[in-house]
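Student: Right, I'll just put the structure down here and ask away after.
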């Protein structure tokens, strides 16, 4: 285990959750926790991106009152598609051990993922419901809320559109007609309902992942009975993980609302309206960099 302070004084514990050098995560703890957020970075499932991409937002969320578990996973040449998914599942399940050792608040466990990490977060959020449908053993802990940002949520469409320079086909080693069983297992849009309250943050100006990815997923999830809404961002692909940008504040808003509704709210009993920039609190103006 490695301890290190950040520039803001937040202690970072770099902890293993498995046997691989890539089975690591960074745990940051808030002074007074409103819950824990597991964070999954993007990079189109390739090895050139690491958890350093989401470390600044992890620190910012911790300063805003969330414990954060910013995780790494095998990807690209370092692991197959199924190993990537199993790593994400293992990292999430490891929260139970972290909670025992570091007294984490597991009454509000949220998932956040950006870009391909949004795909992984949505896949992870659906594990319990998928296990229930197939009579399998569910994960040891529930997911109380999910926020995706600029996420790839319809893998088959993404493969046909060539998203990320054919990243989907590269990730699954084939198109939907070539390896349909892999798409059936890995594609979030094929795994609804998740029974997890969800916000999808996406901008129509996203230059890397088309806005329609979130629109199609929201439509399918709602038709399946999920409680899910759009948060309409306005910047580019990475603005939603850029601390200080208004799109990052939209992500924080979604996480805060999901944390506040984690107790006593039954999934699917209401529909939250889409959130637009005009709905943001006036206090956000001083923090926004547009």
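Residue numbers (this note's numbering): 969 to 1258.
Glycine included, each C-beta is placed from N, C-alpha and C at the ideal position.
#1: Is the beta carbon of residue 1201 closer than 8 Å to that of residue 1208?
#2: Which residues mark the beginning and the end of the alpha helix (DSSP H) in which residue 979 is found?
#3: Drop a sphere of 10 angstroms on the beta-carbon of residue 1022, count the other beta-carbons inside from all chains shown, and report buried for 16 or more, exposed for fewer.
#4: Taking C-beta to C-beta, are residue 1113 and residue 1039 nearer than 8 Å?
#5: Use the C-beta contact count for residue 1016: other C-beta atoms within 10 angstroms, 16 or more gives buried, fewer gives exposed.
#6: Taking Cβ positions, are residue 1063 and residue 1074 nearer each other than 8 Å?
#7: Below 8 Å on the Cβ atoms is my guess for residue 1060 versus residue 1005; work out the distance and round it to an integer in Å.
#8: Just how far apart, CA to CA, sit residue 1178 and residue 1130?
#9: Rank 998, 989, 1175 by C-alpha distance to the C-alpha of residue 978 and give the top, closest one.
#10: Can you list, in chain order, the stretches of the alpha helix (DSSP H) that have 4 or more residues and sit fully within the stretch 1022-1083?
#11: Assuming residue 1156 and residue 1094 form a contact by the criterion Cβ under 8 Å, report the distance between their Cβ atoms to the nearest whole angstrom.
#12: What is the DSSP secondary structure of residue 1125, counted as helix, strand or coil?
#13: Less than 7 Å between C-beta atoms, sequence neighbours within five positions excluded: which residues of the same chain meet that for residue 1042?
#14: Can you have a look at residue 1189 and say buried or exposed, based on whether 16 or more other CB atoms are within 10 angstroms of its CB?
#15: Take the Cβ of residue 1217 as the centre, count every other Cβ of all protein chains shown within 10 Å, and call the residue buried at 16 or more, exposed below.
Tutor: This is what the structure holds:
#1: yes
#2: That residue, residue 979, is in no alpha helix (DSSP H); its beta strand (DSSP E) goes 979-984.
#3: buried
#4: no
#5: exposed
#6: yes
#7: Contact flag wrong, Cβ pair sits at about 12 Å.
#8: 11 Å
#9: 998
#10: 1023-1031, 1049-1061, 1063-1070
#11: 7 Å
#12: helix
#13: 988, 990, 1051, 1052, 1055
#14: buried
#15: buried
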